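Residue numbering for the sequence shown follows numbering that gives the first Met the number 0, starting at 0 and increasing by one per position.
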Amino acid sequence: MILSACGGQSAKPSAAPAAAPGKDAGQPAASAPKELKTAQDVGLYEGADRNERLVEAAKKEGKVTVYTSMAAEDMQVLADMFEKKYGIKVTVYRASSEDVLQRVVQESKAKRYDADIVETNGPEMEAVYRENLLQEVKSPNLKDLIPEAILPHKQWVATRLNIFVQNYNTSKVKKEELPKTWEDLLDPKWKGRLGIEGADQDWYAAVVKDLGEEKGTKLFKDIAAKNGLSVRKGHTLLAQLVASGEVPMALTVYNYKAQQLKTQGAPVDWFAVEPAYARPNGVGLLKNSTRPNAAVLFYDFMITDAQQKLLEKEFVPTSKLIKTPLTDLKMKFIDPGITLDEKSKWDKLYEEMLKTK
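Have a look at this one:
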């Protein structure tokens, strides 16, 4: 069930069997497995029977609640897969990454623990971690992910990558026109033809730092002043405007959305002024989850079974076991902490650039 933006009980372990009467009556009974009550207990458990215990306890919990910024239709596909495999109901609250973060933090302060799992953009995942709301999961499946997917603090893990690409309408822009460098966008032919998403400060910071901060900020201000930038809110909207032709070329569209529209027959294509920049999206176990077994089982699902399905939906999974169309793309990872540690700086610089006339 998907809930849009607006607003269990752990299973009791079975008792240890009583000692049988007779010659073994004086023998001490075999000790029961350690009871895993909390998210910490479940997240850190590494016993050989881990998966068996997870599945059994998760089925008793009966449901898991996921807060996500993934498109509702895409998350519903994954929820249906999980429910079909385990018979465990998935309730989804879907909102923007900013709203997901706000809701998780506010509910925690109110000691309301509806959510078990959070799945959203890297910067917001990092913010949830810094609010001390996550619990590390020692999953044996982490070994199958690319090294960059595992953060040093291990409180959340990257499951998919949003790769920023340049998206263009093939009826409005010819392939031979496409820029090979950012400097190419100073050409007057791009006047009135460029769009950009209004909250991509982390992308901007990464690009500008690679160009050299002084040079990079001047370059993008010059592009905005000479040719203009149509600023839009939301990457999906921006991609749709490219498809409609209202925005001939967008500078910051997620690759998966551009590819989805292309696959659906829209007159669009995409490319990257290399290196492309990847923003990790991740999943984390909330430390106050009231259904920790179902939550950890869903966490494991997101880094195993869901990885192939993510690829089928044109996402870029972080599994080393899956080859993607972007495997050979020259790419850099955006530090998810960049908009937290230097937020005011890059908010200001990005806004200044967007407003340059």
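Backbone N, C-alpha and C fix where the C-beta goes; we use that ideal spot for every residue, glycine too. Nothing here was measured: the structure is a model prediction, and the numbers come from that model.
For Gly86, the three-state secondary structure derived from DSSP is coil.
Rounded to the nearest whole angstrom, the C-alpha separation of Thr262 and Gln39 is 42 Å.
In the assembly as shown, Ser243 is an exposed residue. Its beta-carbon has fewer than 16 other beta-carbons within 10 Å. For Leu218, the uninterrupted alpha helix (DSSP H) run begins and ends at 212–226, by DSSP. Excluding five sequence positions before and after Leu53, the CB atoms of its chain that fall closer than 7 Å to its own CB belong to Asn292, Val295, Leu296, given in chain order. As a beta-bridge residue in DSSP terms, Ala277 pairs with Ile162, Phe332. In the three-state reduction of the DSSP assignment, Leu35 falls in the coil class, being assigned neither a helical nor a strand state. CA-to-CA, the gap between Lys179 and Ser95 works out to about 32 Å. The beta carbons of Arg278 and Gly121 sit closer together than 8 Å.
Ala205 is not a Cβ neighbour of Tyr253, given a cutoff of 8 Å. Comparing alpha carbon positions, the residue from Val65, Glu97, Ala114 closest to Glu82 is Val65. Assignment of Asp299 by DSSP, reduced to helix, strand and coil, places it in the helix class.
In this structure, Tyr298 lies near Val136, with their beta-carbon atoms less than 8 Å apart. In this structure, Val63 sits away from Lys308, with a CB-CB distance that is not shorter than 8 Å. Take the alpha-carbon of Asn131 and the one of Met124: they are about 11 Å apart. Here Thr289 carries a coil assignment [DSSP, helix/strand/coil]. At the C-beta level, Thr317 and Ala198 stay beyond 8 Å of one another. According to the DSSP assignment, Trp181 belongs to no alpha helix (DSSP H), since it is labelled neither H nor E.
In this structure, the beta-carbon distance from Ile302 to Val156 falls below 8 Å. Pairing Arg192 with Gly227, the inter-Cα distance amounts to about 8 Å. The C-beta distance from Asn166 to Ala257 rounds to 4 Å, short enough to meet the 8 Å contact threshold. Apart from sequence neighbours up to five positions away, the residues of its chain that approach Thr323 with a beta-carbon distance below 8 Å are Leu310, Val315, Pro316, ordered along the chain. By the criterion of a C-beta distance shorter than 6 Å, Thr235 is surrounded in its chain by Lys256, once the five residues flanking it on both sides are discounted. Trp155 sits in coil when the DSSP states are folded into three classes, being neither helix nor strand. Counting along the chain, Ile145 sits inside no beta strand (DSSP E), nor does DSSP assign it H or E at all. Looking at the backbone, the Cα of Val172 and that of Leu353 are separated by about 22 Å.
Secondary structure at Leu237: helix, using DSSP grouped into helix, strand and coil. A buried status is given to Pro247, since no fewer than 16 other beta-carbon atoms sit within 10 Å of its beta-carbon. Under the three-state reduction of DSSP, Ala249 is assigned to strand. Assigned with DSSP and collapsed to three states, Gln307 falls in helix.
Counting every other CB atom within 10 Å of its CB across the protein chains shown gives Gly283 a total of 16 or more, marking it as buried. When the Cα atoms are used, Lys84 and Asp304 turn out to be separated by approximately 10 Å. Counting along the chain, Asp340 sits inside the alpha helix (DSSP H) bounded by residues 337–340. Contact between Thr169 and Val267 holds: CB atoms are separated by about 6 Å, below the 8 Å threshold.
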